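Taking it in order: structure first as structure tokens, then the write-up.
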DNA sequence: GATGAATGAGGATTCATTCAT
DNA sequence: TATGAATGAATCCTCATTCAT
């Protein structure tokens, strides 16, 4: 009921979100590590692999990051910040109606995961490779992002526009739609990121008992 | 918008599905490897870690499996077979109506992921650590399981009971609800596996444009 | 006012004290490490050097010791135990007179340092390379050995047979005679270990204000 | 029977002897290296550690010294020269009597080791990290210093004021008193450097068979 | 004088695996 | 079946040093 390839993500060029402040070699390291960690996993991608891809000697990386873990930590932090910022911005532009707020959140969530699949994978599948102190800031942001969605759902429920038996389960289902994207979605002319975002918003509203087009 | 813990899965005892034919030490190895691979990932869990947990010396494992990869391959195979078998059995007992068939599929999918979270994680997150020849049989089963869901959706659509703009996207969303369970769901008296399965079925039907209770 | 060679100790075969319980490869590792650590220092002697000397691959050492530090810790422990045991035994066979007790202690101290120069060097010059938890047991033994000497001096002083302005300074001076031996002493027919031990005992007694021959 | 702390020397500020001609950054490097090499040993103290302590980048050190070894060599040279000069000066001011000469030598030896413990440690424990050509000048000075002491002892013996069974062994014992000071001595009001120097001179004379006060 | 980026050699240690017992 | 000892390749990382700026 899910479809994936043995090497997780196609070896497509990884792009950091616009918000990432990193220059020159540091940026190249982050982008290459992103692509590598996403496609093979943190523990299966060695510093040597990373250096080879960058045409550097492994030791050169240590002038830019204190350890392999710190490279991952930076990616995870970056990804969580871009995600959280994306959700917050979407919400700010959505007006006061829960339906519009939810549509905005889901569209942003989907767009981020569809546009930055490698970052999404690293953020979700590799964060557990981090020691608690490096993971903590990202986990905190994650809680906040979760809370944004829950708050909108609860408000919609309180106003009677959403009908939902279990808000947490629905929130998890909505979140899951986006989280799984990197493993199957590839934008096509027939289904581009924007259209997908609309579809996901529609599905989310259906789960919340809102009639289509409302 | 997603919630997980730094070490992926709580260190809860892993249970093989009933269908697993394995006895004595071989079974202990599989169960312990399942728990280890699920909580730390295949590449981060060493043969030494596994042996220590089993109170055996690393070399002893090679009397039971030809390599570390083969242990993983066996778990992945087992997981996929249990999953596929679960879906097939559910479908067989569901009668001919698409709504009932879909409900059965979703309930089975959810029950499997909620009851065997470690297996679900290993099957989905660690299969990419396998060489293609060891992954192939499982990937084939996975396609078949996907096809079961798609077929039900298409039949429902053809009969006019499902209304859905893009079947593939809905199928992915339905699948995703189950796949993400291991990362957040913990059965409680207030929300046990069976109740969750009902909720998921309900959400799936909503996504397919079916009114509640139908 | 001191004489030493650039590579600290001549590369003479190192012998573990009889009390060392170690067999086969473990014993070979300890003896070779002793010789290496004594002549070049812990930090300048690599695991690769040690393995090469042993005609083993570096990884093979880790079947016998968990780390390079643990090899050193074992040598340091062994050395301190042999030393402390040597002093205690000497004292037990010395009767009740402070002069005889002191002569026995000094002779034993000198004999140990002259007979096991590498161990003496490692014990004294390399213990600081150990983390506190590995050094602690040896440091405790060291305090006890110091206390033995101080007690004898204090008793002799109380009985009026020793005349000494500052017991601690004299104890340090007596101790120092032995500790420096590895850096210059080489037994010869003209001055063997036993003769040296007598000389040191004589010098110690002179420092304590005891007439020769008394 | 010896007392020391795990990290060899307390991390007390290291002071170069007055004779050291070094200005600005070069001097800061020498003093910081002295403190570092003394407390952790040459091989355990890296250029990076040294640079960090100095709030400089590692590469900046190479504008002042051609290599890490040359920093050590300079300290070792400096230490030996200060020591030798100290002994020579002491001897010059001591008159012609062997007893007074010996007292002067021992007092100087003790004062130098008590006042510059780090330098004493580096000079004695780390010289073996130098290649022969860098160590040679210092070793030559060392021989000369030794010879000064031996000459005084032999003269005293020839004049019948010293009674000693083995001049070399006594010389070594006298030297050892000073050499071990850095590992235990800390000046206090009750026992300052000057008082200690007197005590050592007294002990040295006792070893040479000279009655107290003579 | 000082820096930042890089290098090549080498550091200790862990890896999955083999094999004689 | 299980073990202990060993291996060769690989792990991450640190080393002293260089060099263009």
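Protein chains in written order, with full-length UniProt numbering: chain A, 1 to 214; chain B, 1 to 214; chain C, 1 to 214; chain D, 1 to 214. Heads up, the beta-carbon is just placed ideally off N, CA and C, and yes, glycines get one too. Since the model is a prediction, treat every value here as computed from it, not as a measurement.
| Asked | Found |
| --- | --- |
| Which residue spans inside the region 129-175 of chain D form an unbroken alpha helix (DSSP H) run of at least 4? | 132-158 |
| Less than 9 Å separating the beta-carbons of residue 38(A) and residue 103(A)? | no |
| Just to make sure I have the definition right: I need the residues of chain C whose C-beta is within less than 7 Å of the C-beta of residue 43(D). Which are they? | 41, 43, 44 |
| Excluding the 5 residues preceding and the 5 following residue 19(D) in the sequence, name in chain order all residues of the same chain whose CB lies nearer than 6 Å to its CB. | 82 |
| Would you say residue 156(A) faces chain B, with C-beta separation under 9 Å as the test? | no |
| Under 9 Å between beta-carbons, which chain D residues line up against residue 170(C)? List them in chain order, please. | 199, 203 |
| Please tell me whether residue 128(B) has its Cβ less than 9 Å away from any Cβ of chain A. | yes |
| Is residue 8(D) helix, strand or coil by DSSP? | strand |
| Give me the Cα-Cα distance between residue 21(C) and residue 57(B), rounded to the nearest whole angstrom. | 25 Å |
| Please state if the CB of residue 75(D) and the CB of residue 183(D) are separated by a distance shorter than 9 Å. | no |
| Relative to the C-alpha of residue 96(D), which residue among 152(D), 80(D), 27(D), 187(D) is closest? | 152(D) |
| Suppose the cutoff is 8 Å on Cβ atoms and the five residues either side in sequence are ignored; what does the same chain contact list for residue 209(B) look like? | 162, 163, 164 |
| Nearest CA to the CA of residue 133(A): which residue from 52(A), 70(A), 50(A)? | 70(A) |
| Please classify residue 59(D) as buried or exposed, where buried requires at least 16 other C-beta atoms within 10 Å of its C-beta. | exposed |
| DSSP three-state call for residue 214(C): helix, strand or coil? | Bear in mind that the predicted position of residue 214(C) carries a pLDDT of just 49, short of 50, making it unreliable; the figure below should be weighed with that in mind. It is coil, neither helix nor strand. |
| Run the CB neighbour count on residue 211(B), radius 10 Å, all protein chains shown included, and call it buried at 16 or more, exposed below. | exposed |
| For residue 125(B), which residues in chain A fall below 8 Å Cβ to Cβ? | 125 |
| Does residue 205(B) pass the burial test, meaning 16 or more other C-beta atoms within 10 Å, or should it be called exposed? | buried |
| Ignoring anything shorter than 4 residues, give me the alpha helix (DSSP H) runs that lie fully in the UniProt DNA-binding region "H-T-H motif" (46-65) of chain D, in order along the chain. | 47-54 |
| Would you please verify whether the beta carbon of residue 176(B) is less than 9 Å from any beta carbon of chain A? | yes |
| Grouping DSSP H, G and I as helix and E and B as strand, with all else coil, what is residue 39(C)? | helix |
| Name the chain C residues whose beta carbon is nearer than 7 Å to that of residue 107(D)? | In chain order: nothing, as chain C lies at least about 13 Å away. |
| Can you list, in chain order, the residues of its chain whose CB lies under 6 Å from that of residue 156(A), leaving out five sequence neighbours each side? | 98, 162 |
| Which of the three DSSP states, helix, strand or coil, is assigned to residue 2(D)? | Below a pLDDT of 50, predicted positions are generally treated as unreliable, and residue 2(D), at 40, falls in that range; the measurement from the model is reported next regardless. Correct three-state label for residue 2(D): coil. |
| In three-state DSSP terms, what is residue 188(A)? | coil |
| Taking only beta-carbon positions, decide if residue 88(D) is within less than 9 Å of chain C. | no |
| Using a Cβ-Cβ cutoff of 9 Å, what residues of the region 23-41 of chain C are near chain D? List them in chain order. | 39, 40, 41 |
| Since residue 69(C) is in the alpha helix (DSSP H), which residue starts that stretch and which ends it? | 68-92 |
| Give the C-beta separation of residue 221(C) and residue 176(C) to the nearest angstrom, bearing in mind that I take them to be a contact with Cβ-Cβ under 8 Å. | Look at the range of chain C in this structure, 1 to 214, and you will see that residue 221(C) is not part of it. |
| With 9 Å set as the bound, which would you pick, yes or no: does the beta-carbon of residue 196(A) sit closer than that to a beta-carbon of chain B? | yes |
| What would DSSP say about residue 98(B), mapped onto helix, strand or coil? | helix |
| Quick one: what's got a C-beta closer than 7 Å to residue 173(A)'s C-beta in the same chain, skipping five residues either side? | 207 |
| With DSSP collapsed to three states, give me the class of residue 27(A). | helix |
| Less than 9 Å between the C-beta atoms of residue 147(B) and residue 72(B), yes or no? | no |
| How about residue 110(B) and residue 24(B): do their beta carbons lie closer than 9 Å? | no |
| Is it the case that the Cβ atoms of residue 34(C) and residue 16(C) are separated by a distance below 9 Å? | yes |
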